[in-house]
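Just below is one structure, and these are the notes that go with it.
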Amino acid sequence: MTDAAERPDEPLIAVPEAGTIGAACDLVRAIFDNAPDGMITVDADGRIATCNLAAARLFGYRADEVVGEPLSMLVPEQDRAGAGVRGLPVGAPGHAAATPAREVTGRRRDGSTFPLDMAASSFLLGAERFGLVTVRDVTRRRLTEDALQEAEERLADMTANLPVIVFQRVMRPDGSVHHPYVSHSVETLLGLSVDEVMTDPDGLLSKTGAADRERVLAALRRSAETLELMEEEYAVTGSAGAVTWIRAVSRPRILENGDVLWDGVAVDVTSQKRDTERLAHLAYRDPLTGVLTRVGLNDRFDPARARAAQEGTPLAVLSVGLDRMGLINDTLGHAIGDELLRAVAKRIQSHLDDDDALARPGGNTFAVLAGGCRDRAAVTAKAERILNGFATPFQVRERSLEVAAAVGVALYPRDGDAADALLMNAGTALRRAREHGPGTCLWFAEEMNSRVLQVQVLESRLRRALKNDEFVPYYQPQVDMRTGIVIGMEAVARWSHARLGMIPPEEFIEVAEDAGLIGDLGGRILRRACAQNRAWQDAGLDPPPVAVNVSGRQFGRPRTVLRMVEEALADTGLDPAQLEVELTESSLMTRPAEAVDVLTRLADIGVSAAIDDFGTGYSSLSHLKQFPIAKLKIDRSFVMDILADGSDAAIVDAVIAMARALHMTVVAEGVEEREQFTYLQSRGCDHMQGLLFSPPLTADEMELLLREGRRLTPERGVAMPRPGGP
1 MTDAAERPDE PLIAVPEAGT IGAACDLVRA IFDNAPDGMI TVDADGRIAT
51 CNLAAARLFG YRADEVVGEP LSMLVPEQDR AGAGVRGLPV GAPGHAAATP
101 AREVTGRRRD GSTFPLDMAA SSFLLGAERF GLVTVRDVTR RRLTEDALQE
151 AEERLADMTA NLPVIVFQRV MRPDGSVHHP YVSHSVETLL GLSVDEVMTD
201 PDGLLSKTGA ADRERVLAAL RRSAETLELM EEEYAVTGSA GAVTWIRAVS
251 RPRILENGDV LWDGVAVDVT SQKRDTERLA HLAYRDPLTG VLTRVGLNDR
301 FDPARARAAQ EGTPLAVLSV GLDRMGLIND TLGHAIGDEL LRAVAKRIQS
351 HLDDDDALAR PGGNTFAVLA GGCRDRAAVT AKAERILNGF ATPFQVRERS
401 LEVAAAVGVA LYPRDGDAAD ALLMNAGTAL RRAREHGPGT CLWFAEEMNS
451 RVLQVQVLES RLRRALKNDE FVPYYQPQVD MRTGIVIGME AVARWSHARL
501 GMIPPEEFIE VAEDAGLIGD LGGRILRRAC AQNRAWQDAG LDPPPVAVNV
551 SGRQFGRPRT VLRMVEEALA DTGLDPAQLE VELTESSLMT RPAEAVDVLT
601 RLADIGVSAA IDDFGTGYSS LSHLKQFPIA KLKIDRSFVM DILADGSDAA
651 IVDAVIAMAR ALHMTVVAEG VEEREQFTYL QSRGCDHMQG LLFSPPLTAD
701 EMELLLREGR RLTPERGVAM PRPGGP
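Counted from 1, the sequence shown has number 661 at position 661 by my numbering; the numbering is strictly sequential.
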C-alpha cells in the first residue's frame, strides 16, 4: 500500500475494468463520488472491492490502499465478531436480504477508534454477488447521547436527593388526572413509590382527603381553563400512614392532543404547617394558663355580639385584676407565681357560664367576655361570684396563698362597640376599683375617662418638660432635735412650669412612674443635687450630706440605680460621704436579696442609705437587719395624727424603739406643729424635717441658710412658705 498523501488528487474510486459491468459503472461511480456517507463494496469473500471518498476519509486510507483487503481491517480485532463482518449478506449466496444498521466500533489507519453505524445489503453485478456496506461516523451523536444520559442521570440524582418532588401532571379532556412523571424523591418525602403514584389514576390526589381532593381538582379545572400558575397545599397520607403536608407550584400548557400538562415541584411544608398551627395556638391561647389571649377574645367577640343582639341580652367585659402577685413573685419565686395564676384561672372559670369566655390579656389581669346574662343585675352577680371566689386561699405546692382582686365592668354597646374598646374601658374601671380596695367592683362611667385623658396630657407635658430640662431640686433641711443644727437636707423634685409655676412632686411623680419617665427624671435630680453640693463646697461652705429619693420603680432595677449613683459621683466629683440615698420600704422588699447586694456596694463606696416612708411597707425585722441602713424615716402619715390617734402614736413609738435596738438614726417627716415636735422629742427621735422648721428651699435660699449657719428650732424656723406646699 502507498500513502494516500502522496497522490491527493487521484480519484478515490476503484471498480472492475470497463466492460465487466457495462454502462451501469458510470452511474455507480457518480453515486459513490457524491454520497455523503461512506460506501464500500465487498466481494463474496468479504474483501473490499471499492470504496468512495467519504469512506476513505472516514478511515484515513486511500481507496487503492484498501481494495483487496478484508473488510475486517476497518474494525478493531477484539470487536470484529461483534461488528458482524462475517455475517454480511455477501457471505451467503442466494440471499438478497439487507442487514439493519448497527453500531460498531470503527478503526482508523492510525489505530484510533470511533463509534460507527454500519448497514449492509447484497446485490448482483452481472453474475457476481457483491455486498454494499454503508458506514457513518456517529461520534457526535454518541457524545450527544452520552451527554443527555449523563444530564438525565444527574437530574435524577438531584431530584432524588433534593427535598422537593418534581412532577408532571396531566388532565385529559374527560377530567381524569394522572402523573406521567414523578421524581424518586417522592419515596423519601412521602413514603410512596414512583410506580404507585404514576399508575394510580389520580396520582397523589388519591392519597389525600376527600375535601382536599375536591378542592385541588376544582383548582386544576380553573387552571386548565385560564392556563394560570397553580399553587395548592394539601395533606398526603403515605404508605406507612404518616401525614405529610405538601405545597405544589406548577404551570400548565396545552398539548397537541388537547391534554393539559402541568410541570411542577412540590415541597414538604409539614414543619412550617405545624409551626403555623403552634403560632396560631399561641396567638389565641395563653401558654401559661391555657385561657384565651387578647387576640382570642377579639375572635370570640363578633359571634357573642351577634348572639346578644339576637337574644336582646347584655354583653359585658369584666376586667379582673389581682393584687399582691408582685410580692408573691418576689418572695416565693416566679414558679410559684405561675402556678398561682393557673389556679386563679381555673377558679375564675369555675364561676363562669358556658356562654362566657375567659382570657388573660397580660400580666396579672384576666378578662371575661360575659354573654347570656338576662340583665345588668346578672352581670353584677357574676362579678360578685368571681370576687367571692378569692375568699378561699389558693393551695400551691403545699402553701396557702391569699390573693385579692377587684373587677371593672364595661357594657356593650354603651361603653364601646369593639372588644378592644370594651377591654380598655373595663381596665379603666378596674383601676378606679383598685383605688377603693380589694373586692371592689365598679362599672365604667364616662367621667372615668376624663381622668385618663388628664393623665395622658400630663404624660405628654412631662416628656416635653424633660426635653426642655424643666425639673429642678429644692432642698428641705433636716434638723437635729437637740441642737437645731442642720445635719442634712433632702433634695425634692420641682417642676418649673412656664405657665403654671412651680409644681410639687405629688402632682407628677406617679404619672412619671407609670409612663416609665422616672428613671430619667430621678437621674437628673440626683446629678444636679450632687453638683450643687460640690459647688457649695467649692465656694467655701460646709454643706451637710444631701439625700436623694429613689423611686420604687427606679429601684425595680437596683443595678441601674447603682450605676446611676456611681456615674453622678464621678461626673460631679462629689465625695460619696456627702450623698445619701433614700429608698421606700416597699421598694426594698421587691427584690430583698438584690437590694442587700446593691446597698452593700453603695456602702462600700461610702454612700449611706435611708428607708423613707417607714411603716407603710411589708418589711419584717429579719429583713431589716440584713439591709446596711443607717437611718429610718417615719412616714408623715403617722406624724400627722400622732396626738389624736393612739395607733399612730404606738407605731411611732415602736419605730423609734426598733431603730434604737438596731443602732439606727430616726428622722420624723412632716413635722408641722409644736406639739408634734414636743411628743417626738420626748420619745427620743433624733432628727426632724417639716414646715415647723423649713419648707423646701431653692438652691440660693439653702446657700443663704448655710452661710448664716443658722440653727433651726420651732421658734426660729425659716418662715418662707412655698407655692404648692412641701
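The beta-carbon is built from N, C-alpha and C at its ideal position, and this holds for glycine as well. Quantities reported herein were computed from a predicted structural model and do not represent experimental measurements.
The C-beta of D353 has fewer than 16 other C-beta atoms within 10 Å across all chains shown, which makes the residue exposed. Taking C-alpha positions only, G646 is separated from F638 by approximately 10 Å. Taking 7 Å as the cut-off, the Cβ atoms of D263 and Q168 count as close. The beta-bridge partner set that DSSP reports for I254 consists of V260.
Check the Cα spacing between P477 and each of A699, R29, R62 and A55: the tightest is with A699. A distance below 7 Å separates the beta carbons of A668 and C685. According to the DSSP assignment, Y475 belongs to no alpha helix (DSSP H) but to the beta strand (DSSP E) extending over F471 to D480. Distance from the CA of D323 to the CA of V344, rounded to the nearest whole angstrom, comes to 12 Å. For the options V170, L602, A649 and L27, the alpha carbon positioned closest to that of P628 is the one of L602. E582 sits close to N549, with the two beta carbons spaced by under 7 Å. Secondary structure of P592 (DSSP, three-state): helix. In the DSSP assignment, C441 falls within the unbroken beta strand (DSSP E) covering C441 to W443.
For T600, the closest of G573, F614, Q578 and A630 by C-alpha to C-alpha distance is A630. In summary, P314 is buried, with 16 or more beta-carbon neighbours lying within 10 Å of its beta-carbon over all protein chains present. Boundaries cannot be given for Q578, as no beta strand (DSSP E) includes it and DSSP labels it neither H nor E. Leaving aside the five residues that flank G439 on each side, the residues in its chain whose CB is nearer than 6 Å to its CB run, in chain order, L387. Shortest Cα-Cα distance from V511 to any of A529, N364 and S551 involves S551. Annotated as distal: F614 and I642, with beta-carbon spacing of 7 Å or more.
Take F677, set aside five residues on each side of it, and the residues of its chain with a beta-carbon closer than 8 Å to its own are M481, V671, M688, L692 and P714, in chain order. Looking at the DSSP output, E490 bridges to Q476 and A547. Across the structure, R129 and A120 are spaced so that their CA atoms are roughly 13 Å apart. Within the stretch 292-333, the runs of beta strand (DSSP E) that reach at least 3 residues and sit entirely inside it are, in chain order, 315-322.
Per DSSP, T678 lies in no beta strand (DSSP E); the unbroken alpha helix (DSSP H) holding it starts and ends at R674 to S682. In its chain, beyond the 5 residues on either side, A410, L422 and N425 have a beta carbon closer than 7 Å to the beta carbon of G416. Residue burial is scored here from C-beta neighbours: L704 has fewer than 16 other C-beta atoms within 10 angstroms and is therefore classed as exposed.
DSSP places F627 outside both helix and strand once states are collapsed to three, so it counts as coil. For P76, the closest of V67, L229, G389 and T105 by C-alpha to C-alpha distance is T105.
In this chain, the beta strand (DSSP E) harbouring M171 covers V164 to M171. In the DSSP assignment, L430 falls within the unbroken alpha helix (DSSP H) covering A419 to E435.
With a beta-carbon spacing of about 5 Å, Q626 and V596 fall inside the 8 Å limit used to define contacts.
Ranked by how close their Cα comes to the Cα of D45, the residues P70, T392 and H178 have P70 in first place. Counting the other Cβ atoms within 10 Å of the Cβ of L143 gives fewer than 16, which makes it exposed. Residue burial annotation: T392 is exposed, with fewer than 16 other C-beta atoms found within 10 angstroms of its C-beta. In this structure D302 is exposed. Its beta-carbon is surrounded by fewer than 16 other beta-carbon atoms within 10 angstroms. Collapsing the DSSP output to three states places G131 in a strand.
Scanning its chain for C-beta atoms nearer than 7 Å, with the 5 sequence neighbours on each side dropped, one finds around G191 the residues G238, S239, A240 and A242, in chain order.
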